[in-house]
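S.K.: Mind having a look at this structure? Questions to follow.
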Amino acid sequence: MHKKANILLQFEIDTIEFYFQNSHLYFQNLIQKKSLIDKNEPFSEMDKVIGSFQYFRRSILYELNAMIEHWLLIASSPYGEFFDNKNLKRTRTNSISIIEKKYSLELKNMQGYDEVEIIKNSVNGLKHRGGFNFTDYSLGIPEFRSINDDIEHIKKLKNQSTVFIIELINTIINIEHKY
């Protein structure tokens with residue numbers, strides 16, 4: 060991996076952080092405006108704001124997942140061969156397997172890995188199950204659990220996933236530069 064990969068990574072992190080901070084502030088300001096609430100309308104402006112805020116929160120999950128997968132692909136590709144078609148078609152599981160074998164690492168032991176898995180499962184829940192993270196059909200009345208898109212939870216996921224990627228990249232760079 061290129062020793063200056065952290066510059067590109069920081070650019071991606073800063074871009075997501077900028078989007079997160081500015082959009083979050085925008086929605087906070089809209090929600091605080093009492094003039095938007097018209098209780099006589101069935102679908103008020105506030106309803107639209109709240110619906111848009113949900114799309115914003117979920118878009119952060121998609122962006123974080125894309126960034127994680129991007130760096131797993133880079134880390135699992137031979138230096139200079141990232142754009143080879145076979146590398147771009149690699150699954151996340153294949154990328155993790157290659158990284159763990161090549162660098163003798165266990166990614167699940169890295170800080171932030173649990174949050175990376177939560178992001179992956181949340182995005183899969185959004186894409187494939189309409190926002191449901193889990194459904195327990197073994198109960199008399201099935202229990203549906205939606206993904207957690209609470210803003211504080213997403214902040215934690217964002218912070219921990221960037222910690223994971225930074226640790227992964229720095230670890231790989233250190234291993235490669237020893238040899």
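Be aware that the sequence shown starts at 60, since it is given in the working numbering, and climbs by one per residue. Backbone N, C-alpha and C fix where the C-beta goes; we use that ideal spot for every residue, glycine too.
1. Taking DSSP as the reference, what is the three-state secondary structure of residue 205?
2. Are the segment 169-180 and the segment 215-226 in contact at 8 Å, needing three or more beta carbon pairs?
3. Give the list of continuous alpha helix (DSSP H) stretches no shorter than 4 residues that lie fully inside the segment 114-138.
4. Rounded to the nearest angstrom, what separates residue 156 and residue 231 at their Cα positions?
5. Classify residue 151 as helix, strand or coil using the three-state DSSP reduction.
6. Just curious, the alpha helix (DSSP H) that residue 184 is in, first and last residue?
7. With C-beta atoms as the reference, is residue 72 less than 7 Å away from residue 221?
8. Are the segment 178-189 and the segment 111-127 touching by the rule of at least three beta carbon pairs closer than 8 Å?
M.R.: The relevant details are as follows:
1. Start at 1 with the first residue of the sequence shown, and residue 205 comes out as number 146. Strand at residue 205.
2. yes
3. none
4. Here the question's residue 156 lines up with position 97 in the sequence shown. Here the question's residue 231 lines up with position 172 in the sequence shown. Spanning the two alpha carbons is a distance of roughly 14 Å.
5. Position 92 of the sequence shown, counted from the start, is the residue given in the question as residue 151. DSSP, reduced to helix, strand and coil, places residue 151 within a helical segment of the structure shown.
6. If you number the sequence shown from 1, residue 184 lands on position 125. It spans 172-187 - the alpha helix (DSSP H) in which residue 184 sits, taken as one unbroken run.
7. The sequence position of residue 72 within the sequence shown is 13, counting from 1. The sequence position of residue 221 within the sequence shown is 162, counting from 1. In contact: residue 72 and residue 221 (Cβ atoms closer than 7 Å).
8. yes
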